[in-house]
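Novice: Supplied in structure tokens, the structure appears directly below.
Chains as they are written, first to last, in UniProt numbering: chain A, 1 to 935; chain B, 1 to 935.
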């Protein structure tokens with residue numbers, strides 16, 4: 001007996017304005033406090049919030065009146081609460097869910113950020129939350145509405161994912177103030193979002209509603225303990241009886257809201273941040289409100305108020321059977337006023353953003369793939385008990401819109417990082433066990449997590465060690481390995497005992513030298529290299545020049561793919577050539593900073609400072625850090641722009657990309673000015689305002705400076721108002737040249753001038769931007785007490801536009817899922833298996849193995865993804881067939897069942913509402929992307 | 001089946017330290033918000049507090065775990081909540097009360113102030129609250145413990161009343177910091193208070209406990225929504241598991257608390273101001289605390305924690321069967337630090353204090369007595385429907401320790417006054433109906449409520465009117481009537497048509513003249529005077545001189561009783577004589593102000609300013625307002641000391657007291673200094689630090705400057721530290737002379753110098769004293785936008801000490817219960833009955849008719865009081881017998897039943913705990929004071 005959710009919706013009244021009151025709480029999975037502090041209600045001195053009490057209280061209050069409704073969103077919290085409840089309380093809650101009195105919406109582990117998250121991590125966190133709901137509550141626990149009321153702008157890829165997860169609709173609260181004004185005027189606050197240019201409609205169509213009041217109650221009607229609005233005072237014996245006044249104010253608000261929506265149903269969100277900790281306050285007054293407002297119907301009032309939920313409201317919109325405006329672009333950037341662009345958080349906390357991205361790679365590689373490939377032996381083995389859950393949960397909370405976004409307090413950012421580090425420790429045990437099982441050697445494995453700053457105790461001291469290189473991609477990869485060493489000559493051999501080219505050069509870390517060699521790893525598998533010290537002592541002259549240097553015109557090139565030249569006067573990049581395609585562009589690169597100066601004279605329009613969320617430089621001309629770069633060339637070109645800005649330019653033999661490894665920090669603040677550091681690439685490419693950025697690392701969107709596709713923009717911030725999120729790449733192009741920049745983390749950027757592409761690298765700010773976080777974004781740490789130093793990489797690829805995706809798709813993939821290196825000291829046991837591949841053969845280039853993870857004892861979850869958009873590659877944008885039976889080398893596929901994207905519903909049971917757009921449908925290409933294998 | 005309350009107490013463990021956790025909320029019946037705002041949770045912007053939700057939440061949470069306990073105190077709130085509940089909820093609450101899970105303590109309408117209240121009003125408000133509990137819950141609802149956790153010092157008369165109301169014990173939180181330190185050292189924080197020197201022990205003995213931490217939880221253990229202490233985090237899967245730390249801290253606190261108490265039981269108050277609005281937070285953590293602390297008993301821990309109530313705790317103390325230190329004095333003044341004496345509120349808001357006192361007089365006279373004397377005709381009659389409940393409730397909330405105390409915010413003070421005014425309006429209907437019934441005339445009656453500022457529209461315009469004078473005392477009184485008039489000559493006749501002496505003199509109000517005559521009214525009854533205009537026009541020379549004036553030495557005297565002289569140079573009082581006893585003292589009187597100056601250089605010891613609660617002048621030398629007074633003598637002597645300080649000195653023919661009618665304000669603050677205005681009487685009486693003040697208007701207590709009876713005082717504030725509350729009178733005396741000052745409201749005062757007595761009249765302050773009220777005490781009003789002007793009266797009586805009480809007892813009574821004047825325009829109907837007395841004869845002087853009020857349809861509540869202390873009068877301090885059958889003239893007494901003082905228990909069922917003092921017992925005089933008459 002599967003209860004039908006619709007039956008639980010209160011009846012509405014035809015020919016009346018039906019006001020759907022939706023009691024809800026918005027519980028950040030970390031922001032001003034850590035996720036666990038929020039759960040327990042700890043550190044209430046920072047912010048009064050305790051989720052355990054919210055759920056206690058709401059359940060109590062729902063039981064008092066069967067008419068009442070509540071929605072809950074964040075499974076990270078609900079899960080914590082659930083496991084502390086008695087079984088009788090669990091039964092009570094199940095009853096409430098079955099009766100539709102408690103409804104889950106969204107239902108992911110968190111409400112993810114949309115600007116700075118990668119789609120793979122978002123799918124994971126949604127899957128984790130929805131799985132818990134599914135297994136706990138069955139179909140009645142499956143959310144039918146996506147609910148992103150707080151994220152600061154909305155990504156098209158998120159809408160696409162929600163559609164593919166089976167959601168019937170999507171509601172949010174924040175959009176550009178001009179966009180909102182236009183939509184209110186045209187009654188387009190409810191619309192149909194066509195969220196992919198590649199998937200056949202309605203596969204990625206998502207009905208989208210903009211909430212009337214952010215996610216807050218209408219003014220004067222907030223009855224939470226955190227609010228000060230007057231309660232309904234309906235005892236005539238006490239002073240200040242106010243029922244008439246309350247009803248009058250409510251009707252005025254309802255009627256004015258009805259004017260800007262299309263149907264005779266409107267929604268009011270009755271709740272806000274961490275509200276309902278004492279749900280009685282809310283419900284007692286809402287009960288009275290409903291009673292007194294509806295009582296007026298006897299006198300002819302045409303307003304009907306009811307307890308409702310987003311899905312009940314959505315159902316009424318669907319029943320209205322109207323056509324809805326179609327939207328194809330996204331909701332970035334978000335401005336809440338003329339000088340208040342939320343484009344700073346695209347870059348805020350660049351170190352955390354990178355750590356989150358590398359953690360995702362580690363999670364996919366080690367926790368997920370290796371657990372599948374070596375089975376139970378991974379979880380309990382010679383290195384103890386490991387698990388993937390800790391890392392999965394840490395990654396899931398890190399997707400929250402105040403986590404990877406960088407908009408949390410410093411201590412909370414530290415907590416997210418600590419959770420990721422703890423998760424990784426648990427994973428390392430699993431990886432060691434797993435590699436022991438697959439290689440047949442239980443020799444101790446070491447992890448060098450600080451290779452980004454060239455620190456690895458083992459390689460710095462050992463005379464002989466081996467390097468296991470695990471490749472998570474479904475195709476073979478080559479990859480440069482850079483190890484800190486103190487010797488001057490080394491012998492590096494591959495798994496076949498064959499010697500491999502390697503170089504030793506002067507290191508920039510604590511060790512004297514750096515050993516560099518290219519590794520090649522098989523698909524979904526590993527290979528092993530052994531390294532032996534040949535010679536101690538001072539570094540020799542480099543034995544091989546990767547770069548050929550011409551003194552008269554500093555020029556470095558690799559014969560195979562790329563050439564880059566430097567200006568001998570300035571030391572800056574001057575050109576980039578693709579030797580295969582024989583194309584060359586002029587390319588200048590430099591570093592700049594932007595500043596918000598509170599005492600700046602031309603700051604009259606607004607006093608909004610830059611902060612964790614907001615980007616607002618005073619001047620539209622960035623400050624150049626140095627006209628010239630001091631340049632040194634070894635096997636790489638090292639550039640110094642300032643004591644706190646430097647860069648290494650590298651080309652690798654087998655790579656088609658130029659690597660720019662930037663190091664920025666500590667950003668100086670002696671002048672009492674916070675600074676936002678960008679690098680800008682100025683090229684000869686002929687653009688006319690257009691450029692392209694990705695959406696959550698997946699599809700590319702066209703952007704145009706000083707323009708929005710759906711309304712007539714009045715631009716008020718020439719830089720901040722033209723910044724967009726870059727999750728994995730951005731490009732500029734003309735008819736002949738496309739320069740693609742692949743990033744190693746989420747950053748913000750734009751193309752302010754034609755031919756130019758700029759990316760913000762680091763931010764250090766001295767003011768809070770008054771959006772709640774209450775701290776200036778001024779990061780320091782134990783290691784960097786004078787300000788955080790951040791290092792990252794940009795990979796530049798120059799191609800002909802029609803084939804550029806053939807290069808940047810795999811390139812970005814290699815950055816997102818990078819090989820994992822593990823080290824073993826000394827000689828390996830002779831029986832050690834040095835190579836392994838989990839696949840029978842590499843997958844075709846168009847197919848990305850997105851997910852391979854153990855689901856339960858006998859089944860695994862597999863996600864295969866066609867990674868090319870329909871228009872971007874003649875070669876690769878075609879349908880592809882994969883034979884699952886012949887996929888794995890060591891796993892036998894006993895059966896396959898297809899699910900929705902979030903794996904909480906069988907694909908063939910996924911019946912979504914059908915919505916009719918005002919205009920025609922879109923593309924027709926069909927890509928079957930998601931599979932699920934179960935025994 | 002009467003459940004025994006003891007059975008509901010949790011078992012304690014012998015040979016362990018038993019920690020009684022008492023969950024409670026302290027709900028001010030008005031303070032920063034009005035009483036109704038507090039009830040509803042309105043104006044949460046001022047302070048987050050909503051009592052309706054507290055009671056909702058506590059009941060819910062008590063039902064979740066039968067071990068949990070809660071106490072509730074303020075019936076003003078509980079009553080409001082109760083009448084909004086469904087009958088099923090009422091049944092649920094009754095069950096909780098019957099099972100001792102919800103316990104009422106104190107149980108009056110409010111928790112009254114102890115320094116500024118009059119005992120008659122306190123008895124009334126306690127009776128009102130306890131009656132509601134009694135009628136709603138029966139014996140299980142009867143509080144056994146008095147609970148004054150917040151009042152700022154404790155009056156002996158309060159303890160005496162509590163004892164006579166049947167309470168087994170009394171707990172409070174605030175006492176002098178030195179007193180507390182001494183008692184902690186000597187384990188005397190629990191003691192036996194012998195609260196009367198006249199009642200036979202243990203009649204006024206009250207076991208008294210001082211709570212360990214004010215009324216707050218121990219540091220680190222506040223789990224209310226208003227607190228920030230860390231919750232118990234007992235999920236090992238979440239971060240910051242803290243059970244071990246919480247238990248360790250709790251045991252440390254419990255053990256250190258046990259050291260300063262006598263038994264192996266200690267109490268912890270788990271709650272505070274308006275806490276438990278979300279009781280789940282408290283109980284969830286308390287459940288865990290009890291669980292984890294007691295779990296350690298398995299490992300040998302000797303600490304046992306339990307949910308408890310004050311009466312369960314008291315029961316354990318009683319079972320301990322120890323002897324307890326005896327205390328005979330009181331707990332005034334209260335200082336919480338060396339320079340922080342809470343003696344300012346003795347005088348704060350003098351206008352409100354006076355309005356409260358006159359309202360009490362009106363309530364007793366009109367609402368209570370006249371309702372009894374004329375029966376149902378009073379409630380519904382020719383003038384509509386009147387009631388006494390509105391006034392009774394208004395008076396009851398006005399007794400709250402942030403009401404008449406003057407320590408509330410201005411808007412709340414306004415609300416109290418508004419409630420009293422509204423109550424009085426309802427009473428006026430009742431009075432008019434009642435007088436119509438008693439007199440046989442339904443002619444319209446008018447009330448001149450502004451006679452204190454000499455405003456009465458009727459008397460100012462009418463050519464013929466009558467004045468009905470109702471006397472609430474049980475003996476005949478004479479009383480000067482002063483009416484504003486515009487004529488120059490009037491004929492005044494008494495009820496027998498006999499002409500009465502009267503004078504017309506220049507008025508100080510809006511009317512041109514003032515008509516003055518003495519009236520004489522029968523006991524508990526009225527008489528009627530008629531007034532006819534004889535002559536319009538300018539005032540004639542006064543026709544009769546009450547005062548004989550000698551120009552060479554300004555001296556006014558009345559031949560009969562008193563003479564007063566003035567210094568011809570200064571215009572100040574110079575001597576006072578009692579002509580009967582032939583005694584004369586030198587008497588100088590002047591006005592001074594004291595100041596707290598924030599920028600004063602010698603303010604180094606502390607920066608505590610004077611405020612609503614605190615009195616703290618910088619200097620111990622008050623500023624003299626003027627060395628001389630400009631003096632004018634008509635039939636009275638008028639003195640001007642400054643534009644904002646003046647006084648009228650009056651003697652009346654039939655009066656044995658000198659009247660000083662002072663007018664102070666607007667207190668100037670142009671110099672940015674707040675001022676506290678005192679008047680000081682300097683006499684030739686030879687005192688040596690001793691003086692005397694009353695306790696709540698009843699028994700007199702001996703005071704000694706720079707001394708406390710029970711500890712070795714280190715005085716740190718020479719003035720503020722020597723101020724005591726004066727509710728109705730204070731006196732100084734030597735062997736031959738006693739000067740008694742009767743006040744018309746509660747004020748503060750002291751005897752800083754020998755022979756001197758000073759009284760603080762008005763306070764206007766520019767700083768908040770940081771005790772929570774958050775406003776400077778800087779009163780203005782619509783009528784007085786530049787600062788409140790306050791007028792009042794001091795009555796001075798000079799007598800031989802052994803017989804002084806014979807004069808000041810009736811004198812003070814006449815001020816507390818003053819005659820009520822009602823006016824009728826034009827001629828009265830010939831059949832009008834002009835005189836009435838409710839008594840067959842006057843009561844003996846020793847007996848005061850304290851209460852005569854309708855109880856229910858067929859019974860009335862009568863309180864007769866022996867008003868003399870055992871030692872104060874040879875003539876009157878003797879037992880007296882009253883024949884109740886022969887008391888009333890119009891009421892037949894069908895039966896009499898004696899109750900306790902608060903009328904919620906039959907006297908013969910009143911069995912209180914017996915406690916053994918460390919030393920012998922006190923006095924032996926027995927006064928039977930309280931009767932209850934029922935049909």
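For glycine and all other residues, C-beta sits at the position ideal for the given N, C-alpha and C.
Being a predicted model, the structure only gives us computed values, none of them experimental.
From residue 939 of chain A to residue 527 of chain A, what does the alpha carbon distance come to, in whole angstroms?
Specialist: Outside the shown range of chain A, which is 1 to 935, sits residue 939 of chain A, and nothing can be said about it.
Novice: Within the continuous alpha helix (DSSP H) that includes residue 592 of chain A, where are the two ends?
Specialist: That residue, residue 592 of chain A, is in no alpha helix (DSSP H); its beta strand (DSSP E) goes 583–594.
Novice: Just list the alpha helix (DSSP H) runs in the stretch 238–314 of chain B, keeping only unbroken ones of 4 residues or longer that don't cross its boundaries, in chain order.
Specialist: Whole alpha helix (DSSP H) segments, 4+ residues: 243–258 and 279–295.
Novice: Name the one or two DSSP bridge partners that residue 405 of chain B has.
Specialist: Residue 405 of chain B is not bridged to any residue.
Novice: For residue 32 of chain A, which residues in the same chain have their Cβ closer than 6 Å to its Cβ, ignoring the five residues on either side in sequence?
Specialist: The answer, listed in chain order, is 46, 47 and 409.
Novice: If you measure between the beta carbons of residue 483 of chain B and residue 438 of chain B, is that distance less than 8 Å?
Specialist: For residue 483 of chain B and residue 438 of chain B, no; Cβs fall outside 8 Å.
Novice: From which residue to which residue does the alpha helix (DSSP H) around residue 39 of chain B run?
Specialist: Note, residue 39 of chain B: alpha helix (DSSP H), 35–40.
Novice: Buried or exposed: which applies to residue 733 of chain B, given that a residue is buried once 16 or more other Cβ atoms fall within 10 Å of its Cβ?
Specialist: When all chains shown are included, residue 733 of chain B counts as buried.
Novice: Whose Cβ in chain A lies nearer than 7 Å to the Cβ of residue 48 of chain B?
Specialist: Ordered by position in chain A, the residues that pass the 7 Å Cβ test against residue 48 of chain B are 225.
Novice: Name the one or two DSSP bridge partners that residue 760 of chain B has.
Specialist: Looking at the DSSP assignment, residue 760 of chain B forms a beta bridge with B:678.
Novice: Beta carbons nearer than 9 Å to chain A: which residues of the stretch 29–47 of chain B have them?
Specialist: Residues 34, 35, 36, 37, 39, 40, 41, 42, 43, 44, 45 and 46.
Novice: Throw me the rounded Cβ distance for the residue 651 of chain A and residue 562 of chain A pair, which I believe falls under 8 Å.
Specialist: Rounded, the Cβ-Cβ distance is 6 Å, consistent with contact.
Novice: Give me the subset of the stretch 281–313 of chain A whose CB atoms are less than 9 Å from a CB atom of chain B, sorted by chain position.
Specialist: The stretch 281–313 of chain A vs chain B, Cβ under 9 Å: 281 and 284.
Novice: Could you confirm whether any beta carbon from chain A is found closer than 8 Å to the beta carbon of residue 689 of chain B?
Specialist: False, the Cβ-Cβ gap to chain A never drops below 8 Å.
Novice: Let's test the definition: count the other Cβ atoms within 10 Å of the Cβ of residue 892 of chain B and tell me whether it reaches 16, buried, or not, exposed.
Specialist: When all chains shown are included, residue 892 of chain B counts as exposed.
Novice: Spatial neighbours of residue 208 of chain A within its chain, please: C-beta separation below 6 Å, excluding the five flanking residues on both sides.
Specialist: These residues qualify, in order along the chain: 170, 191 and 193.
Novice: Can you give the beta carbon distance from residue 353 of chain B to residue 406 of chain B, rounded, assuming they're within the 8 Å contact cut?
Specialist: Indeed they touch by this definition, with Cβ atoms about 7 Å apart.
Novice: With 8 Å set as the bound, which would you pick, yes or no: does the beta-carbon of residue 230 of chain B sit closer than that to a beta-carbon of chain A?
Specialist: Yes, contact with chain A.
Novice: When you compare each of A:35, A:54 and A:747 to residue 418 of chain A by their alpha carbons, which one comes out closest?
Specialist: Measuring from the Cα of residue 418 of chain A, the nearest candidate turns out to be A:35.
Novice: Closer than 8 Å is the cut-off here; do at least three beta carbon pairs connect the stretch 855–863 of chain B with the stretch 485–503 of chain B?
Specialist: No, the stretch 855–863 of chain B is not in contact with the stretch 485–503 of chain B.
Novice: Give me the Cα-Cα distance between residue 72 of chain B and residue 158 of chain A, rounded to the nearest whole angstrom.
Specialist: Rounded to the nearest angstrom, the two C-alpha atoms are 53 Å apart.
Novice: Roughly how many angstroms lie between the CA atoms of residue 441 of chain B and residue 234 of chain A, to the nearest whole one?
Specialist: Whole-angstrom Cα-Cα distance: 41 Å.
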